[in-house]
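J.: Under my numbering, the first residue of the sequence shown carries the number 310, and numbering increases by one thereafter. Sharing a structure with you now.
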Amino acid sequence: MARMIVAAPDYTKSKYKLHKLKELEDLVAEAVEINIPFNNYITGFCAFTHKAGIHAKAILNNPSTYEIINPADFGMSRYVHFASRLTGWNAIKSRVEQLGLTMTDAQVKVVTQKIKALADVRPIAIDDADSIIRTFHLNITEGEEKPLLPNLTAEEQAKFEKAERELAGEPEKRALDEAAAEPAAKKVKA
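What follows is the structure, encoded as structure tokens:
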């Protein structure tokens, strides 16, 4: 089906009821008592889910960079997963806008680091990420210092703070890695 829609999109859309594909697949799966894999192409739960920073940024800017077919043609929807260690600030910026909040890019980058740090400590749900975003926004707009996630245990809080320190050091580490990768001839001044 994917090949057909890429090769002849107008013909395929006019000949088949593509939006019924997921419904048909579910009906057959139920009849033969099998589960559909979450990562099944086109109709799987994660078929149009995007997570990593650069990948998510590209999807938000121009979906065709990573999606050769439009999920809406199949009655599916695109999802940019932002509650993850791999998230980038553009995905968080998109979520901030979805929540109707206003933040500068610098503020979005700070809250992104906090979400990434928490994801290093434990798996986080969308509600956790939303709570961090909302509380961070409240803190900057109201001048408050409420904890971003008050339900962390003492051990989780310590791990969270350590992860924040490690993430804050990443640009410095990258600069050191780049310097180490330079050819020796460039490092020596003539």
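Backbone N, C-alpha and C define an ideal beta-carbon position, used for all residues, glycine too.
Which residue from I314, K468, V341 puts its Cα closest to that of D429?
T.: Nearest option by C-alpha distance: K468.
J.: Whole angstroms is fine: what's the gap from I401's alpha carbon to I377's?
T.: Near 24 Å, if we compare the C-alpha coordinates of I377 and I401.
J.: State buried or exposed for V315, treating a residue as buried only when at least 16 other CB atoms are found within 10 Å of its CB.
T.: Flag for V315 reads exposed.
J.: So, using beta-carbon positions, are M313 and L330 closer together than 8 Å?
T.: The answer is no: Cβ separation not under 8 Å.
J.: Thinking C-alpha only, which one of G353, H390, H359, N344 is nearest I435?
T.: It is H390 whose Cα lies nearest to the Cα of I435.
J.: For L457, report the span of its alpha helix (DSSP H) as first-last.
T.: Run containing L457: none; DSSP gives neither H nor E here.
J.: In angstroms with no decimal places, state the Cα-to-Cα distance between E334 and V420.
T.: Roughly 40 Å separates the two Cα atoms.
J.: Report the three-state DSSP secondary structure of Y350 (helix, strand or coil).
T.: Coil, per DSSP.
J.: When we look at the beta-carbon of T352 and count the other beta-carbons within 10 Å, is it buried (16 or more) or exposed?
T.: Classification of T352: buried, given that the 10 Å Cβ count is 16 or more.
J.: If you follow the alpha helix (DSSP H) that A463 is in, where does it begin and where does it stop?
T.: Here the alpha helix (DSSP H) through A463 covers 463-477.
J.: V389 bridges to which residues according to DSSP?
T.: H359, per the DSSP bridge assignment.
J.: Taking the continuous alpha helix (DSSP H) assigned at N379, which residues delimit it?
T.: No alpha helix (DSSP H) holds N379; DSSP gives it neither H nor E.
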